[in-house]
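For reference, the structure discussed in these notes is given below.
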Amino acid sequence: MNLREDSAARTRAALVDSGLRLAETLGLAGVSVNVLVAELGVSKGTFFHHFGTRANYLLALHREFHDRLQADIESAIANQPPGRDRLRTGSTAYLDACLRDRGVKALLLEARADPLIADEVTARNTLNAALIEPDFATLGWPHPSSAARLWVGLVAEAALLELQSAHEQPAVRETLWQFLTDRTRSGSSDGGNPDKTPQ
Numbered sequence: 001m002n003l004r005e006d007s008a009a010r011t012r013a014a015l016v017d018s019g020l021r022l023a024e025t026l027g028l029a030g031v032s033v034n035v036l037v038a039e040l041g042v043s044k045g046t047f048f049h050h051f052g053t054r055a056n057y058l059l060a061l062h063r064e065f066h067d068r069l070q071a072d073i074e075s076a077i078a079n080q081p082p083g084r085d086r087l088r089t090g091s092t093a094y095l096d097a098c099l100r101d102r103g104v105k106a107l108l109l110e111a112r113a114d115p116l117i118a119d120e121v122t123a124r125n126t127l128n129a130a131l132i133e134p135d136f137a138t139l140g141w142p143h144p145s146s147a148a149r150l151w152v153g154l155v156a157e158a159a160l161l162e163l164q165s166a167h168e169q170p171a172v173r174e175t176l177w178q179f180l181t182d183r184t185r186s187g188s189s190d191g192g193n194p195d196k197t198p199q
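For the record, in the sequence shown the residue sitting at position 39 is 39 according to the UniProt record's numbering, with numbers rising by one throughout.
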């Protein structure tokens, strides 16, 4: 990478970082092109050179936020074998990160009606489901892929409930873990028979 390319990459990263920071206080409507370029002291031309449209910029914010979130999750579950504990650890890391950066999460929720964001959400959910599918296989769920996709939706809904209250909801989290506990009590556990059907 030459100096010009390095400078361009740093400018692009700074625009994304500024958007994530401004989202905490301004929300979706407040993160405008005018606000962003004023914040960094760059021209509108610079913004449009890097992103083309505001929708593409929001897509970049979405990817950066979830890349950081994914790194938090993977760090939290590192060296843990697949199973209930790993699933709970990763889900807790997700919920904690969404609550910590709730302004950004709120902005991304507002933006998800955009087709670009909607497609990215689908792709990200598929990636997350693939990450936790081994946990459900180890727990003995008969359809671990479907279970993983449903779990992604459950945890996302839990994050939304906590987002609305602006703090951790112990009852919500305990209810999530109860789904796993009840499934185990029904006759399946870590290392159980993956072909066994729920009781």
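Glycine included, each C-beta is placed from N, C-alpha and C at the ideal position.
None of these values were measured; they are calculated from a predicted model.
- Boundaries of the alpha helix (DSSP H) around residue 151: 144 to 165.
- The beta-carbon separation of residue 19 and residue 37, rounded to 11 Å, does not stay under the 8 Å limit for a contact.
- The beta carbons of residue 162 and residue 95 sit closer together than 8 Å.
- For residue 68, the three-state secondary structure derived from DSSP is helix.
- If you look at residue 110, you'll find it in the alpha helix (DSSP H) that goes 102 to 111.
- Here the stretch 96 to 111 lies against the stretch 62 to 73, with 3 or more beta-carbon pairs under 8 Å apart.
- In the displayed model, residue 177 falls within a helix according to three-state DSSP.
- Nearest C-alpha to residue 52 among 150, 167 and 12: 12.
- In the three-state reduction of the DSSP assignment, residue 114 falls in the coil class.
- The residues 136 and 141, in chain order, have a CB closer than 6 Å to that of residue 147 in the same chain once the five nearest residues on each side in sequence are set aside.
- For residue 57, the CB contacts under 6 Å within the same chain, skipping 5 residues up- and downstream, are 51 in chain order.
- Following the DSSP letters along the chain, one finds residue 33 inside the alpha helix (DSSP H) bounded by residues 33 to 40.
- DSSP, read as helix, strand or coil, puts residue 43 in coil.
- The DSSP-derived three-state label of residue 25 is helix.
- Three or more beta-carbon pairs separated by less than 8 Å link the stretch 77 to 92 to the stretch 127 to 136, which places the two stretches in contact.
- Check the Cα spacing between residue 110 and each of 145, 59 and 82: the tightest is with 59.
- Relative to the Cα of residue 151, the nearest Cα in the group 171, 164 and 126 belongs to 126.
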